[in-house]
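Numbering (numbering that gives the first Met the number 0), first residue to last: 0 to 644. Quick reminder that beta carbons are idealized off the backbone N, C-alpha and C, glycines included. Nothing here was measured: the structure is a model prediction, and the numbers come from that model. Only one structure is covered here, and it is reproduced in the block below.
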Amino acid sequence: MHGVVQELDASQKGVCVRESLLPEEQTIKAQRSRSESASGTEFNKQAPLSQTWLWWKLEILSWCGSFCCFVAIVVVMRSFEGQPLPHLQFGIAPNAVIGVLATLTELLLVVPVRTGIGQVKWLQAVRKRPMDDFRSIDEASRGPWGSILLLTQRKGGLTGSFSAVVIILALGMATFTQQALSYHVVFPQSNDAQMPVANIMNGTGWAQLADGTNVYGIDPQMLSAPYVGLFSRPDTAFTAKTHCATSNCTWEPYETLGVCNTCVDLTSKLRKIKATAEMILVGQDREEKKAYYTTNHYALPNNFTLMGKQSGEIYSASVLQSNGLLNLSTTLSGPKGGSNIYAEKPGQTWASVAFANNGSKLFSVLGVGPLNGSFIEQPDSNFTTKDTGNVNAPPVAFQCLLQYCVRTMRAAATNGSIYETEVSRWTDQTQSFYNASGYFTDIVLHPPGSPTAFRVNGYAGGTLSKWLSTYLEGDVTGWRNLSTLPAGLVGYDSQVQEIIAPSSLFVQPIYQAMNESNTGFPDLMQNLAEAMSLGLRNLPYQPAPVRGRAFTTTTRAVVTWPWLILPALELVGSLAFLIAIMVETRRRNMVPWTNNVLAYFFHGLRQPVVEERLLSPAQMEEKAKGLLIKFWKDKDGGQLVVEKQ
């Protein structure tokens, strides 16, 4: 048994001494060669250049493949740039194609770099190096984590560190490449957008006043303005008929002749006065009798009033009670009714309360009516109808000035919907339709800095004012039943038990607007001004429409070329690194063993490294830090030699 143990020990010592797999004869030659090298004589015969290139053919082809994939990425992006999103087969997105090419570029790029790092450890072993450096460089060739460790440990030298940086940055190649191609919403533009404007009013047609009188000087396009304005919901958007071929257009600010509305709340100026009113009573014998009662009289400083009327008849002890709900007139009309198209003179027309000296005007509209949701308050009327929520309350009063102005507008069309906004307005307060003799004169509006003078024919302006004024005069009376209304009464509502009696068709929507909103009266006057402005722009003799930009909404490929800087630098850096390693390997007359594991067997350490047994990786790494190795070249390729233990 003792002899067997001695034989095993001798065998293990033999393995420690001869780690190379070369034949014994070659081992002797290698030892002789190392001996010659130690004395200063080295093997300097180089392999043919063609053979050198063949050794690196896989790395060269791999880099060329990576370069071709990168060129393909550039070509694909160039073909997609500025184009709409393509419909590829199987629903493949362009970024998916770019992603595949970017992955191939990265995959093929790291092949020569990792091979080069593997060769760095052999090149650095020509000089004495710690054995642990050999291990660190070898791990760097296996992936990004090893490269990070190599950088932090600073064991690879300049060449090794550069290659480690290339390996680490290669991780971002695919991300950077795909980021270069994106799709943005763009708006191709043309000038195929038109917006009508007005700069003159001549009055070239006939119209009929409310009393049936025909007058000349009103354009037919203006006749619908009272209907459109007063019978539209408050705050209705009035837009001109535009031409927008793509349904999406924009217009820079433009000027147009229009009618502007300015309203002032005069409720605080109302005076409440007790007044006596007459009432006719009819008995069952049909005999009429006069009766008198006290009511409230609400008056503005110009004596424009609203007075409750409680006249009615007795039907089987049922009394009809009535209230004055709205009184409406203009400053072209006087206390006795009728319109005066000439100068507003005291005693002939209602004096203006809020706008004493404003020019360029059609007229002012005066209105005294109910507060939102209320019934005009009377001295002896405290009745509240629970079904409607109407309550007795004092009235409100407004004066709204309608005048010609120059409006600066901005417009846009989105998906076929036109949105027009007033930016500013300008009017000349010094001008009037009437001269000192009472004759008509034109109004010329020329805003500062504007190249256009806007003109309103004096006769046409005066006639339009007279015609429109007749539609804005009247009143609304509200009837309320104290018990039961007579059967067959028109407009009777058995639940509400109220009847609203407007004096004209145009007064009714004004009352309804006031009874629904605190701003109902100003809102409807604004509607009227907008409708008249729209009518002016539709006149056939107006100038050519202003041009705007028509655009379509589409997606276009946008290539941000700077994102390709990193992949391009990676290609350049990897090529420079590969060439440097190839040149250095040939200069040192070495064979590119790189990461070939067989090189460790055929050209590994010959002499024993340590006598003790080292099992764990940590023990081996710690021991390797204290060992210096060097690569000795010979005609057999060379051998790693331990220089110091």
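{"Query": "Beta-carbon gap between G368 and M524 smaller than 7 Å", "Result": "no"}
{"Query": "Continuous beta strand (DSSP E) assignments of at least 3 residues falling wholly in the segment 143 to 193", "Result": "180 to 185"}
{"Query": "Given 8 Å, three or more beta-carbon pairs between the segment 189 to 208 and the segment 533 to 547", "Result": "yes"}
{"Query": "3-residue-minimum beta strand (DSSP E) runs that sit fully inside the segment 188 to 244, ordered along the chain", "Result": "188 to 194, 205 to 207 and 213 to 215"}
{"Query": "Whether I97 touches Q178 by CB criterion (7 Å)", "Result": "no"}
{"Query": "Simplified DSSP assignment, three categories, for I91", "Result": "coil"}
{"Query": "Inter-residue spacing [alpha-carbon to alpha-carbon] between T174 and M76", "Result": "15 Å"}
{"Query": "Expected contact under 8 Å - CB spacing of Y297 and K268 to nearest Å", "Result": "At roughly 10 Å, the Cβ-Cβ gap does not stay under 8 Å, so Y297 and K268 are not in contact."}
{"Query": "Rounded separation between L465 and L331 - CA only", "Result": "Per the sequence shown, residue 465 should be read as Lys rather than Leu. Roughly 7 Å between the two C-alpha positions."}
{"Query": "Three-way DSSP call (helix, strand, coil) for W250 in this model", "Result": "strand"}
{"Query": "Three-state secondary structure assigned by DSSP to E58", "Result": "helix"}
{"Query": "Beta-carbon proximity list for L21, same chain, < 6 Å, skipping 5 on both sides", "Result": "Note that L21 scores a pLDDT of 38, beneath 50, so its modelled location is shaky and nothing firm can be said."}
{"Query": "Sheet register partners of A459 (DSSP bridge)", "Result": "Answer by DSSP bridge pairing: none, since A459 is not bridged."}
{"Query": "Delimiting residues of the beta strand (DSSP E) encompassing R546", "Result": "V545 to F550"}
{"Query": "Cβ neighbours of R113 in the same chain (closer than 6 Å, five flanking residues each side left out)", "Result": "S140"}
{"Query": "Same chain, Cβ closer than 7 Å to D191, five either side skipped, listed in chain order", "Result": "A244 and A549"}
{"Query": "Selected residue, minimal CA-CA separation from M221, among K154, G460 and V405", "Result": "G460"}
{"Query": "Whole runs of the alpha helix (DSSP H) within the segment 519 to 587, excluding any shorter than 4 residues", "Result": "519 to 536 and 564 to 586"}
{"Query": "Interface flag, I136 vs chain D, CB-CB below 7 Å", "Result": "The structure shown contains no chain D, having only a single protein chain."}
{"Query": "Buried or exposed by the 16-neighbour rule on C-beta atoms within 10 Å, applied to A530", "Result": "buried"}
{"Query": "CB of G477 within 7 Å of CB of I499, strictly", "Result": "yes"}
{"Query": "A92 versus H86 - alpha carbon distance", "Result": "8 Å"}
{"Query": "The beta strand (DSSP E) enclosing M408, as first and last residue numbers", "Result": "V395 to T413"}
{"Query": "Spatial distance of P83 from V119 (CA atoms)", "Result": "49 Å"}
{"Query": "Alpha-carbon to alpha-carbon, R232 and L488", "Result": "Low local confidence applies: a pLDDT of 38 at L488 is under 50, so the model's placement there is unreliable, with the coordinate-based value given in what follows. Whole-angstrom Cα-Cα distance: 29 Å."}
{"Query": "Three-state class that DSSP yields for R113 in the structure shown", "Result": "helix"}
{"Query": "Between the CA atoms of W54 and R586 - distance to the nearest angstrom", "Result": "15 Å"}
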